[in-house]
Each structure stands twice: as C-alpha cells, then as structure tokens.
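In this note's numbering, the protein residues as written are 38 to 168.
Glycine included, C-beta positions come from ideal geometry on N, C-alpha and C.
These notes are about the structure you will find just below.
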C-alpha cells in the first residue's frame, strides 16, 4: 500500500474519532471540530493576547478540518500527499489536554477579565441614576 494512503487513512480515522470526541465534550450532536472553532472565534478578541496558543490552535483546527473535508468530499485521492502524521499527533495531544483541563477553551473559561468586574466610574453611576 502507498505510504500517502496509509498516512491519509490514519488521519481520516483519527479525525472522525476526534470530531466525535469534541462533540461529546461540547455536548453537541455532531461536528465537534466546527463547534470548537466557533467557540474559539467567539472569544477571539478577549483571549488572543492572553493565551499565546489561541491563534495557532484556531489555524491548526482550520487546517485539519480542510484536510479532512478534501478527503471526505473526494476532492483529492487518499494516495495524494495531504500532510504528515503530525496532525494525528496534534489531535491526540489536544484530547489529552482536554482530559487534563488544559485545552484552550478550558483555559479561557478559567480566566477572569478585569473589564467584566470593573466598578462603575462616578460618571457612569451618575448617568445610571437618570436612566
């Protein structure tokens, strides 16, 4: 069997498992990867400067999703070069991080942002009296 085919089949199978795993983790019926990306993008402006892995994680998610979709939709053959086994390793590491509570979304949920709890200024309190 061709090496590219083996690599792509391993990736395809792992992605399917990873997608189901994320769907269970996020309590959605399907498309766990899509939901994870969506939730990360919803918080992008609050977190991108606080968690250095935020932007690279979004980019990696989008890359592996595009790779999977090109294989799933038969846009490319399993025998064509699509990438290395690094994507499989990355997905497995992320699942371990989720189990340990160290994935980007879990870290985000533990952050406390000062602007969320900041007290109102004197001017804001004054205006709230008349509104």
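For the putative contact between residue i and residue j, defined by C-beta atoms under 8 Å, what is the C-beta separation to the nearest angstrom?
i           : j           : result
residue 56  : residue 69  : 5 Å
residue 74  : residue 99  : 7 Å
residue 78  : residue 101 : Contact doesn't hold; Cβ gap of about 16 Å is too wide.
residue 144 : residue 88  : 6 Å
For the alpha helix (DSSP H) containing residue i, name the first residue and the last one.
i           : result
residue 94  : 91-109
residue 80  : From DSSP, residue 80 is part of no alpha helix (DSSP H); its letter is neither H nor E.
residue 41  : 40-62
residue 144 : 141-147
Would you check if the distance between the CB atom of residue i and the CB atom of residue j is smaller than 7 Å?
i           : j           : result
residue 104 : residue 120 : yes
residue 140 : residue 149 : no
residue 42  : residue 142 : no
Any 3 or more C-beta pairs closer than 8 Å across the region 49-63 and the region 101-121
Contact check between the region 49-63 and the region 101-121: three or more CB pairs, one atom from each, fall below 8 Å, which counts as touching.
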